Amino acid sequence: MDEAIRNKYTVVIGLEVHAQLLTNTKIYTSDSAEYGAMPNTHISPITLGHPGVMPKLNKRVPEFAMKIGLACNCEITRHNIFARKNYFYPDLPKGYQITQDKTPICTGGFVPIKLKDGTEKNIALTRIHIEEDAGKSMHTVDESDTLVDFNRAGVPLIEIVSEPDLRSGEEAYAYLTEVRRLVRYLEICDGNMEEGSLRCDANISVMLHDAKEYGKKVEVKNMNSIRNVQRAIEHEVERQILAIEAGEEIISETRTFDAATGLTASMRTKEDLNDYRYFPDPDLAPLNISQEWVDEVKSKLPSLPNDLFERFTKEMQLPDYDAGVLVDTKEIALYFEELCQHTKYYKAASNWMMGPIKSYLNELTLSIEKFPLKPIQIAELIRIVEDGKVSFAVASQKLFPHMLQAPEKSAEQIAQEHNLIQDSSSDSIQPIVDEVIAAFPDKVAAYQSGKKGLLGMFMGEVMKRSKGKADPKVASQLLEKSLN
Amino acid sequence: MKIDKKTIHNLAHLSRLRFDDSDAEKMEKDLNGILNWVEQLNEVDTDGVEPLSTMTWETNQMREDIVGEHLPREKGLKNAPQKDSNYFRVPKVKE
Numbered sequence: 001m002d003e004a005i006r007n008k009y010t011v012v013i014g015l016e017v018h019a020q021l022l023t024n025t026k027i028y029t030s031d032s033a034e035y036g037a038m039p040n041t042h043i044s045p046i047t048l049g050h051p052g053v054m055p056k057l058n059k060r061v062p063e064f065a066m067k068i069g070l071a072c073n074c075e076i077t078r079h080n081i082f083a084r085k086n087y088f089y090p091d092l093p094k095g096y097q098i099t100q101d102k103t104p105i106c107t108g109g110f111v112p113i114k115l116k117d118g119t120e121k122n123i124a125l126t127r128i129h130i131e132e133d134a135g136k137s138m139h140t141v142d143e144s145d146t147l148v149d150f151n152r153a154g155v156p157l158i159e160i161v162s163e164p165d166l167r168s169g170e171e172a173y174a175y176l177t178e179v180r181r182l183v184r185y186l187e188i189c190d191g192n193m194e195e196g197s198l199r200c201d202a203n204i205s206v207m208l209h210d211a212k213e214y215g216k217k218v219e220v221k222n223m224n225s226i227r228n229v230q231r232a233i234e235h236e237v238e239r240q241i242l243a244i245e246a247g248e249e250i251i252s253e254t255r256t257f258d259a260a261t262g263l264t265a266s267m268r269t270k271e272d273l274n275d276y277r278y279f280p281d282p283d284l285a286p287l288n289i290s291q292e293w294v295d296e297v298k299s300k301l302p303s304l305p306n307d308l309f310e311r312f313t314k315e316m317q318l319p320d321y322d323a324g325v326l327v328d329t330k331e332i333a334l335y336f337e338e339l340c341q342h343t344k345y346y347k348a349a350s351n352w353m354m355g356p357i358k359s360y361l362n363e364l365t366l367s368i369e370k371f372p373l374k375p376i377q378i379a380e381l382i383r384i385v386e387d388g389k390v391s392f393a394v395a396s397q398k399l400f401p402h403m404l405q406a407p408e409k410s411a412e413q414i415a416q417e418h419n420l421i422q423d424s425s426s427d428s429i430q431p432i433v434d435e436v437i438a439a440f441p442d443k444v445a446a447y448q449s450g451k452k453g454l455l456g457m458f459m460g461e462v463m464k465r466s467k468g469k470a471d472p473k474v475a476s477q478l479l480e481k482s483l484n
Numbered sequence: 485m486k487i488d489k490k491t492i493h494n495l496a497h498l499s500r501l502r503f504d505d506s507d508a509e510k511m512e513k514d515l516n517g518i519l520n521w522v523e524q525l526n527e528v529d530t531d532g533v534e535p536l537s538t539m540t541w542e543t544n545q546m547r548e549d550i551v552g553e554h555l556p557r558e559k560g561l562k563n564a565p566q567k568d569s570n571y572f573r574v575p576k577v578k579e
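If you're matching them up, the sequences are chains A and B in order.
Here this note's numbering is used: the first residue of the first sequence is 1, the next is one more, and so on.
Here this note's numbering is used: the first residue of the second sequence is 485, the next is one more, and so on.
See below:
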């Protein structure tokens, strides 16, 4: 699309994120909430919506909702009631979903985002409320019926609703990434968009910069990765602008995203909007949240990614890039924190984390919890390198792999056993230097006539002939002296 | 509030109910009768009275997050009009 046309419009996006909570049981019954069981085995009369049953709230659900609310600086609602949202669909056995309408458990607050160009922005939240998931319908080509599995019916969800504060697909990407990181740090949701434990619907509209009112909004669904949310938004924005430019009117509707084509297609018009006939659920007692409970949840909040980022950049003087990579995964950040209790070489520690350790984990697709070496062992490895006993190259290519094979031994012990301790005595390096100079008379002549770049090749030879044990600093000094 | 034919049709649609015009007329009369009767409540002064949302004075009825007994699948499926050994079956729904 023509940039000039695109630049006439302001893009307005609000996101609704559903996060499945990592509780053991469902929100109103003691059925297991675990994913992946045989169909219709996590069911009970309450889940199936039989008459006369009484739902009872899982205490951990408001607790988890408060965790994210407090992490996002929301107000916690003290007096909560539950509401019935009425609609008919085969995966909703009761004919209504129990949710919160007038009293969402959290209101206000914000999620901080950081864009690639370094811009920082707070995305305001409208509300976070708790509700139940629906069952799962399967429509397969070779079945004439729709098959319904109620294992998921009643699994607890929080819905996080943002204000229409997002202005681009990139901002939506950053927002979702941050929400996912937060729920993972708080250990309230596994954040897996492919399996649907984190789901996102986007409300998208465009308007001319000087417009007084928002444009008609379109809701886009069915995006199963953060990247696809960005793609769907970018496509939808372009579609709306082109339609308006062609004189067409945007209709308020729900559209579905097709990841294969990158396009959105109309699902149904939203004529029945607001026809959910919400009313208070008479079966559930109101939930009153005391200050003591809020304080208790607050006192148990873990360090959040932004706090850790602050610490890593300020206290440990790491570059923003390093700190960003380290706080990306909670477990990596915690490992690094512990490592820093055993070493003061923070930048070296960060290099080890982002370099050899990360490549090892990636290669074996392991998480850091399965990493065989303890932070204190890595700290020792760092000390050996910093003391000049082993070069970084030898430490990362030889010592580190040996340590992984024998995690019970100390770094020093292994370095001794495998004869990896670096030689920094001129007496033993000089003969090797002499040997190399004697072996390449023509290269020596070329160097002396000005091809200084050959120094690297001589260094390589010295390192090779010393089996990597020569201290590179000493070797390069001796080489330069002997060549000139 | 008055119920007209349009409201009846809308309610029927939302409730997935189907009936013919004579039934709709009867329904309209019945519903208006009920609403008129309930409307007598408007005569009561409710200034300063909180809306009633539940039938008890109890609050914070919660349970611990511990897995309990499940209904065996055969039992859960027993009353379904259509089923197989694993699933409830319904006429094909497509979004």
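Note that the Cβ used here is the ideal one computed from N, Cα and C, for glycine as well.
Predicted model only: the values in this text are computed from it and were never measured.
Secondary structure of residue i, DSSP reduced to three states
{"i": "residue 371 of chain A", "result": "coil"}
{"i": "residue 396 of chain A", "result": "helix"}
{"i": "residue 113 of chain A", "result": "strand"}
{"i": "residue 97 of chain A", "result": "strand"}
{"i": "residue 573 of chain B", "result": "strand"}
{"i": "residue 34 of chain A", "result": "coil"}
{"i": "residue 421 of chain A", "result": "coil"}
{"i": "residue 178 of chain A", "result": "helix"}
{"i": "residue 60 of chain A", "result": "helix"}
{"i": "residue 285 of chain A", "result": "coil"}
{"i": "residue 557 of chain B", "result": "helix"}
{"i": "residue 496 of chain B", "result": "helix"}
{"i": "residue 265 of chain A", "result": "strand"}
{"i": "residue 526 of chain B", "result": "helix"}
{"i": "residue 411 of chain A", "result": "helix"}
{"i": "residue 270 of chain A", "result": "Low confidence applies to residue 270 of chain A: its pLDDT is 46, below 50, so where it sits in the model is not reliable, and the reading given next is rough at best. In the structure shown, residue 270 of chain A sits in coil (DSSP, three-state: anything other than H, G, I, E or B)."}
{"i": "residue 213 of chain A", "result": "coil"}
{"i": "residue 470 of chain A", "result": "strand"}
{"i": "residue 464 of chain A", "result": "helix"}
Buried or exposed (CB count within 10 angstroms, at least 16 for buried), residue i
{"i": "residue 19 of chain A", "result": "buried"}
{"i": "residue 335 of chain A", "result": "buried"}
{"i": "residue 94 of chain A", "result": "buried"}
{"i": "residue 169 of chain A", "result": "buried"}
{"i": "residue 352 of chain A", "result": "buried"}
{"i": "residue 63 of chain A", "result": "buried"}
{"i": "residue 146 of chain A", "result": "buried"}
{"i": "residue 77 of chain A", "result": "buried"}
{"i": "residue 255 of chain A", "result": "buried"}
{"i": "residue 230 of chain A", "result": "buried"}
{"i": "residue 184 of chain A", "result": "buried"}
{"i": "residue 285 of chain A", "result": "buried"}
{"i": "residue 385 of chain A", "result": "buried"}
{"i": "residue 131 of chain A", "result": "buried"}
{"i": "residue 119 of chain A", "result": "exposed"}
{"i": "residue 141 of chain A", "result": "exposed"}
{"i": "residue 5 of chain A", "result": "exposed"}
Residues that residue i contacts on chain B, provided the C-beta gap is smaller than 8 Å
{"i": "residue 56 of chain A", "result": "545, 546 and 547"}
{"i": "residue 302 of chain A", "result": "The contacting residues do not exist; residue 302 of chain A stays about 19 Å from chain B at best."}
{"i": "residue 43 of chain A", "result": "554, 555, 557 and 560"}
{"i": "residue 40 of chain A", "result": "557, 560, 561, 570, 571 and 572"}
Partners in chain B for residue i, counting only beta-carbon separations shorter than 7 Å
{"i": "residue 59 of chain A", "result": "546, 547, 548 and 549"}
{"i": "residue 511 of chain A", "result": "Because chain A here runs from 1 to 484, residue 511 of chain A falls outside it and cannot be looked at."}
{"i": "residue 31 of chain A", "result": "554"}
{"i": "residue 48 of chain A", "result": "560"}
Beta bridge counterpart(s) of residue i as assigned by DSSP
{"i": "residue 157 of chain A", "result": "A/20 and A/131"}
{"i": "residue 207 of chain A", "result": "A/10"}
{"i": "residue 544 of chain B", "result": "Per DSSP, none; premise fails for residue 544 of chain B."}
{"i": "residue 149 of chain A", "result": "A/136"}
{"i": "residue 219 of chain A", "result": "A/203 and A/254"}
Proximal chain A residues relative to residue i, where beta-carbon distance stays under 9 Å
{"i": "residue 524 of chain B", "result": "The premise fails here: residue 524 of chain B is roughly 20 Å from chain A at the closest Cβ pair, so nothing lies under 9 Å."}
Residue i at chain E interface by Cβ criterion, 8 Å
{"i": "residue 554 of chain B", "result": "In summary, chain E is missing from the structure at hand, where the protein chains are A and B."}
Residues that residue i contacts on chain A, provided the C-beta gap is smaller than 7 Å
{"i": "residue 498 of chain B", "result": "275"}
{"i": "residue 474 of chain B", "result": "Outside the modelled stretch of chain B, which goes from 485 to 579, sits residue 474 of chain B, for which no answer is possible."}
{"i": "residue 540 of chain B", "result": "285"}
Per-residue contacts from residue i into chain B (C-beta, under 9 Å)
{"i": "residue 147 of chain A", "result": "568, 570, 571, 572, 573 and 574"}
{"i": "residue 24 of chain A", "result": "549, 550 and 551"}
* Hey, is the region 546–554 of chain B in contact with the region 27–41 of chain A, meaning 3+ C-beta pairs nearer than 8 Å? -> yes
* Okay, do the region 453–468 of chain A and the region 427–443 of chain A touch, 3+ Cβ pairs below 8 Å being the bar? -> yes
* Asked: Just checking, does the region 470–482 of chain A make contact with the region 419–430 of chain A on the three C-beta pairs under 8 Å criterion?
  -> yes
* Indicate whether the contact test is met: 3 or more Cβ pairs, each with one atom in the region 321–328 of chain A and one in the region 305–313 of chain A, closer than 8 Å. => yes
* At a cut of 8 Å, does the region 173–190 of chain A reach the region 201–210 of chain A through at least three beta carbon pairs? -> no
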